[in-house]
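A quick write-up on the structure given underneath.
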Amino acid sequence: MSLISFKDNTGSEIFNNVLSESLHENHERLTNQNISFLNNCEKCIVCGNGMEKNEETQILQPLLKHHVSYFPQVIAYVHCKCHQKIHDPENPITSLIQYEKGDSLKFYNQKKAIGAMA
Ligand SMILES: [Zn+2]
Ligand SMILES: [Zn+2]
Numbered sequence: 008m009s010l011i012s013f014k015d016n017t018g019s020e021i022f023n024n025v026l027s028e029s030l031h032e033n034h035e036r037l038t039n040q041n042i043s044f045l046n047n048c049e050k051c052i053v054c055g056n057g058m059e060k061n062e063e064t065q066i067l068q069p070l071l072k073h074h075v076s077y078f079p080q081v082i083a084y085v086h087c088k089c090h091q092k093i094h095d096p097e098n099p100i101t102s103l104i105q106y107e108k109g110d111s112l113k114f115y116n117q118k119k120a121i122g123a124m125a
């Protein structure tokens, strides 16, 4: 059973509009924090397609944020399955991985440290 379900499309459409709006707001907020984005939150940078809908609920599936670089922060929006392609151990998409090994750990440790101070 899914958490949210709608009897007709009207409900999911309203929900999707609200969702899309909040995704844009979030995007805007991050852009203001000196974070660079390679693309728009509605399109996947790997395959170029827009957000997919859950077949059952007709709810949009927000794209994932993939860090292309951590210092400085550069982010690209991708589908979950396309994200797996970027990090494919055998054939990674190296043009979208511009950070050094260990950067992500350093980044999340820093974030944790900042969080602890707040
Ligand atoms: Zn994609
Ligand atoms: Zn990633």
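Quick note: the sequence shown uses the numbering used here, first residue 8, plus one each step.
Glycine included, C-beta positions come from ideal geometry on N, C-alpha and C.
The structure presented is a predicted model; accordingly, all values stated were derived computationally and were not measured.
Within the same chain, Ile42, Ser43, Phe44, Leu45, His74, Val75, Gln105 come within 8 Å of Val81 by CB-CB distance, once the 5 residues on both sides are set aside. Nearest to Ser19 by C-alpha distance, out of Arg36, Gln68, Cys48, is Gln68.
A distance below 7 Å between beta-carbons, with the five flanking residues on each side excluded, links Cys87 to the following residues of its chain, in chain order: Leu71. Under the three-pair Cβ rule at 8 Å, the region 97-104 does not count as touching the region 54-66.
Looking from the CA of Ile93, the closest CA among Ile52, Asn33, His31, Ser111 belongs to Ile52. Relative to ligand 1, even the nearest heavy atom lies 7 Å or more away from the CB of Val75.
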